[in-house]
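Worksheet: one structure, shown below.
Protein chains: 2
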Amino acid sequence: MIIKGDIIYTTEKGSFKQIPSGYIGTADGRVTFAGAEIPEAFRNESVTDYSGRLVMPGFCDLHTHAPQYENIGRGMDLTLLPWLETLTFPTESRYGERDYAEKRYRRAVADVIRQGTTRAVFFATTHLNSTQMLIDMMEEAGLCGLAGKVNMDQNCPGYLVEDTDVSLAETRAFAEKNKDNVHVKPIVSPRFAPSCTPRLLKGLGELAAEYDLPIQSHINENMDEINWVAELFPEAQNYADVYRQNGLLNSQTLMAHCIHMKPEETRMFVENGVMAVHCPHSNANIASGMMPVKAMMAAGMRVGLGTDFSGGNAVSILKTMVLALQVSKLRYQMHPEEGFLKLSEAFFLGTKGGGSFFGKVGSFEEGYAFDALVVDDSALNREGGNDLEDRLSRFIYAGDDRNIVQRYIDGKPVAVPDWD
Amino acid sequence: MIIKGDIIYTTEKGSFKQIPSGYIGTADGRVTFAGAEIPEAFRNESVTDYSGRLVMPGFCDLHTHAPQYENIGRGMDLTLLPWLETLTFPTESRYGERDYAEKRYRRAVADVIRQGTTRAVFFATTHLNSTQMLIDMMEEAGLCGLAGKVNMDQNCPGYLVEDTDVSLAETRAFAEKNKDNVHVKPIVSPRFAPSCTPRLLKGLGELAAEYDLPIQSHINENMDEINWVAELFPEAQNYADVYRQNGLLNSQTLMAHCIHMKPEETRMFVENGVMAVHCPHSNANIASGMMPVKAMMAAGMRVGLGTDFSGGNAVSILKTMVLALQVSKLRYQMHPEEGFLKLSEAFFLGTKGGGSFFGKVGSFEEGYAFDALVVDDSALNREGGNDLEDRLSRFIYAGDDRNIVQRYIDGKPVAVPDWD
Numbered sequence: 000m001i002i003k004g005d006i007i008y009t010t011e012k013g014s015f016k017q018i019p020s021g022y023i024g025t026a027d028g029r030v031t032f033a034g035a036e037i038p039e040a041f042r043n044e045s046v047t048d049y050s051g052r053l054v055m056p057g058f059c060d061l062h063t064h065a066p067q068y069e070n071i072g073r074g075m076d077l078t079l080l081p082w083l084e085t086l087t088f089p090t091e092s093r094y095g096e097r098d099y100a101e102k103r104y105r106r107a108v109a110d111v112i113r114q115g116t117t118r119a120v121f122f123a124t125t126h127l128n129s130t131q132m133l134i135d136m137m138e139e140a141g142l143c144g145l146a147g148k149v150n151m152d153q154n155c156p157g158y159l160v161e162d163t164d165v166s167l168a169e170t171r172a173f174a175e176k177n178k179d180n181v182h183v184k185p186i187v188s189p190r191f192a193p194s195c196t197p198r199l200l201k202g203l204g205e206l207a208a209e210y211d212l213p214i215q216s217h218i219n220e221n222m223d224e225i226n227w228v229a230e231l232f233p234e235a236q237n238y239a240d241v242y243r244q245n246g247l248l249n250s251q252t253l254m255a256h257c258i259h260m261k262p263e264e265t266r267m268f269v270e271n272g273v274m275a276v277h278c279p280h281s282n283a284n285i286a287s288g289m290m291p292v293k294a295m296m297a298a299g300m301r302v303g304l305g306t307d308f309s310g311g312n313a314v315s316i317l318k319t320m321v322l323a324l325q326v327s328k329l330r331y332q333m334h335p336e337e338g339f340l341k342l343s344e345a346f347f348l349g350t351k352g353g354g355s356f357f358g359k360v361g362s363f364e365e366g367y368a369f370d371a372l373v374v375d376d377s378a379l380n381r382e383g384g385n386d387l388e389d390r391l392s393r394f395i396y397a398g399d400d401r402n403i404v405q406r407y408i409d410g411k412p413v414a415v416p417d418w419d
Numbered sequence: 000m001i002i003k004g005d006i007i008y009t010t011e012k013g014s015f016k017q018i019p020s021g022y023i024g025t026a027d028g029r030v031t032f033a034g035a036e037i038p039e040a041f042r043n044e045s046v047t048d049y050s051g052r053l054v055m056p057g058f059c060d061l062h063t064h065a066p067q068y069e070n071i072g073r074g075m076d077l078t079l080l081p082w083l084e085t086l087t088f089p090t091e092s093r094y095g096e097r098d099y100a101e102k103r104y105r106r107a108v109a110d111v112i113r114q115g116t117t118r119a120v121f122f123a124t125t126h127l128n129s130t131q132m133l134i135d136m137m138e139e140a141g142l143c144g145l146a147g148k149v150n151m152d153q154n155c156p157g158y159l160v161e162d163t164d165v166s167l168a169e170t171r172a173f174a175e176k177n178k179d180n181v182h183v184k185p186i187v188s189p190r191f192a193p194s195c196t197p198r199l200l201k202g203l204g205e206l207a208a209e210y211d212l213p214i215q216s217h218i219n220e221n222m223d224e225i226n227w228v229a230e231l232f233p234e235a236q237n238y239a240d241v242y243r244q245n246g247l248l249n250s251q252t253l254m255a256h257c258i259h260m261k262p263e264e265t266r267m268f269v270e271n272g273v274m275a276v277h278c279p280h281s282n283a284n285i286a287s288g289m290m291p292v293k294a295m296m297a298a299g300m301r302v303g304l305g306t307d308f309s310g311g312n313a314v315s316i317l318k319t320m321v322l323a324l325q326v327s328k329l330r331y332q333m334h335p336e337e338g339f340l341k342l343s344e345a346f347f348l349g350t351k352g353g354g355s356f357f358g359k360v361g362s363f364e365e366g367y368a369f370d371a372l373v374v375d376d377s378a379l380n381r382e383g384g385n386d387l388e389d390r391l392s393r394f395i396y397a398g399d400d401r402n403i404v405q406r407y408i409d410g411k412p413v414a415v416p417d418w419d
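If you read the protein sequences in the order shown, they are chains A and B.
Quick note on numbering: numbering that gives the first Met the number 0 labels position 300 of the first sequence as 299, and the sequence is numbered without any gaps.
Quick note on numbering: numbering that gives the first Met the number 0 labels position 216 of the second sequence as 215, and the sequence is numbered without any gaps.
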């Protein structure tokens, strides 16, 4: 398959690669070439012509909560802990009901695809059955990524708390059932340290190692949470150390938020190859703070983006890029030494940067999975001009799902599911 | 005329007024009643039925630049002064050309209406003819508000700089021509202190007094700008004093940004009844800083919202409310004593708070101009529930122009112009 269009992507965080009226070839879902001409060997293949339209990598959303989709835009006058108690936990408790969960997960998955996300990493709930349903639904829709059954065996409402052994056994069953999946894999998902006993954390670390599974959790989001963790885990050196001690901090780990990191925690993340997930919408909405994204990138930390609904109010990584840019410029006022994010860096975080968590994802370099969006930006670019960075900038800052006219995931065209 | 719907508005900044399945009556463009029942005296009038839809006041955008509409989403890696030099001034220079200006102003006015703004305050350019065209176009479309011919006679490119006497004479002609306008009035618009000589500022202050005109400008946006003003106007006590000394600081004055205010400037604004315009998108995008909006409100300052495109990337006051909320929550980390904005406060700023600049605008209290939006939020509220604040919250955080199904301005239904 060969696609023609105005191609733009990032191979490194500081710059764009632009190929106006260029071509991308794919085979078996992987990019075979991207360039101004079709190489000799491929000249007999048919071309899908998107001339005049932007072709860019699809977006990677590395942290969000599928069951909270229904709460987007609600309860935004609250901060983290009361927001969990009054809104999030009661909602998640409903996801043991099959019909309730199915209807809402379908809406979430469809909208995630609509907004241009081609790889998503979801927290589900503690419920094994509906979490499996979410995985099956992503597979059915053609959305690649990861989904995790949540674990929590303390410090949460009685209607959600798990027995430690049951939590571990169900997670093992979940891993076993999905271990050979190709497009949507399981991820070990302790909610966050306060809601897990040391025994549960240790068991999950062992399970992740046994099945070679990725891991996700939350860290350093809110000062109250951080102080609470220090009380709950007095023998850990710091919050990150709680995860490290239990085998949950490695190069297959996603850690959301990372706002209030101690220098030794940053070092621990860099040394272990952990990927921090920057979630600027929820960090702002529930008054958590400004992640020092530039400082972390400078320290060598791997960073991706997350919408984190419904703490976040956006389903779109476009809007997440914009707020990441905006917050870094506000933080710059207090920390000019850090500098601020440039457009190309924010785009990198939402594509190749975050995509590296999945392997060769988020770029059009040879061998990368062909995840792509075709964007009709004619309504945004009525002044004309064919500088692709300028056109991409308008799309990021002023466009939305209406501009996305085609989506490819893992080499295949994917339609927005018409499930509702 | 009587309208039925799920009515929500604010009469004061801390709370909502909700009337589920309520009625609003209007006569001569003004609200005659809003309540759960139709008063006896009006029972014979016909009812326009928007049952199940939200009915709320239209939005007031108190600061934006019509000619920069075409630049939305461009040049966002720059800060204020280089952004003006490389992008803004070259664009504005084109607005002396009638056809160029007409086409682009039509797009801007149409989109402002599309996004739910019912009162807008525009900076145009230095060009008298196209500024008049903008006023006429707003009138034609049914958009109420103010538009100003920009004044600048120093420190700007030679292709835009005005002769002081010509600038004053043209502003007088503009005031004279539009002095009896009802819906779209002229506003005196010195760009900002650095681009105006003391003689120009003084002349504009006198003109505003003579014609009883409102005034708009920019202040305390960026530290480089502030230091520059201190050098240019050594005899002023501070930046605000430059405007005050020249008769440009009174209860008909809008001052955009107000980020880095000295305490004596805040006091001067409060004493003179000046309205500060909070423009969170541009304040973030061009790295200007976080306006202390809660502290200003606590000090008794009048505050409204502005999209400020194209420093801002949004045309929508909905998106402006969201970022105002988000930024105030980030600022709260550093300044917990200030507190953070609540939803009802942000909504107040975008409706009745900012609307007070026009008189009785932005509420459904008796005697207020009937500026309203009818919102079909069924796609945002699939969980049901009829708490109107909860529904409004979802619309603000997750909705967009697609949800707005009808607009009223000054009592009349207004369609989005189909000009393009």
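The beta-carbon is built from N, C-alpha and C at its ideal position, and this holds for glycine as well.
By the three-class DSSP mapping on this structure, what secondary structure does residue i have?
i: K102(A); result: helix
i: G13(B); result: coil
i: A354(A); result: Correcting the residue identity first, residue 354(A) is Gly in this sequence and not Ala. Reduced to three states, the DSSP call for G354(A) is helix.
i: Q405(B); result: strand
i: N70(A); result: helix
i: M289(A); result: coil
i: F394(B); result: helix
i: P335(B); result: helix
i: Y367(A); result: coil
i: F232(A); result: coil
i: F122(A); result: strand
i: M260(B); result: coil
i: H280(B); result: helix
i: V165(A); result: helix
i: A414(A); result: coil
i: V149(A); result: strand
i: G115(A); result: coil
i: F347(B); result: helix
i: S250(A); result: coil
i: P38(A); result: coil
i: G144(B); result: strand
Which chain B residues sit within Cβ distance under 7 Å of residue i?
i: L76(A); result: It should be pointed out that residue 76(A) corresponds to Asp in this sequence rather than to Leu. Neighbours of D76(A) on chain B, chain order: K341 and L342.
i: R105(A); result: Here the premise fails: no neighbours, minimum Cβ distance about 11 Å.
i: N150(A); result: Within chain B, no residue comes near N150(A); the closest Cβ sits about 26 Å away, beyond 7 Å.
Assuming residue i contacts residue j (C-beta within less than 8 Å), just tell me the rounded distance between them.
i: A185(A); j: A174(A); result: Here residue 185(A) turns out to be Pro, not Ala, going by the sequence shown. Indeed they touch by this definition, with Cβ atoms about 5 Å apart.
i: H62(A); j: V292(A); result: Incorrect: roughly 14 Å between the Cβ atoms, too far for contact.
i: V120(B); j: L253(B); result: 6 Å
i: V111(B); j: D60(B); result: 7 Å
i: G147(A); j: I316(A); result: With 8 Å as the limit, G147(A) and I316(A) do not qualify as a contact, their Cβ atoms being about 19 Å apart.
If the cut is a Cβ gap below 8 Å, which residues of chain A does residue i touch?
i: K328(B); result: A283, N284, I285 and A286
i: V321(B); result: N312
i: Q325(B); result: H280, A283, N284 and L322
Identify the contact partners of residue i in chain B, using a Cβ-Cβ distance below 8 Å as the criterion.
i: Y331(A); result: A286
With 7 Å as the limit, tell me which residues of the region 280-300 of chain B have their beta carbon closer than that to any beta carbon of chain A; keep them in chain order.
A283, N284, A286, G288 and M289
Which residues, in order along the region 385-396 of chain A, keep a beta-carbon less than 9 Å from a beta-carbon of chain B?
D389, S392, R393, F394, I395 and Y396
Below 8 Å between beta carbons is the criterion; list the residues of the region 46-72 of chain A that meet it against any residue of chain B, in chain order.
E69, I71 and G72
By the 7 Å beta-carbon criterion, what residues does the region 301-316 of chain A contribute toward chain B?
N312
Interfacial residues, the region 360-384 of chain A to chain B, with Cβ spacing under 8 Å:
L379, R381 and E382
Inside the region 195-245 of chain B only - beta strand (DSSP E) runs reaching at least 3 residues
214-218
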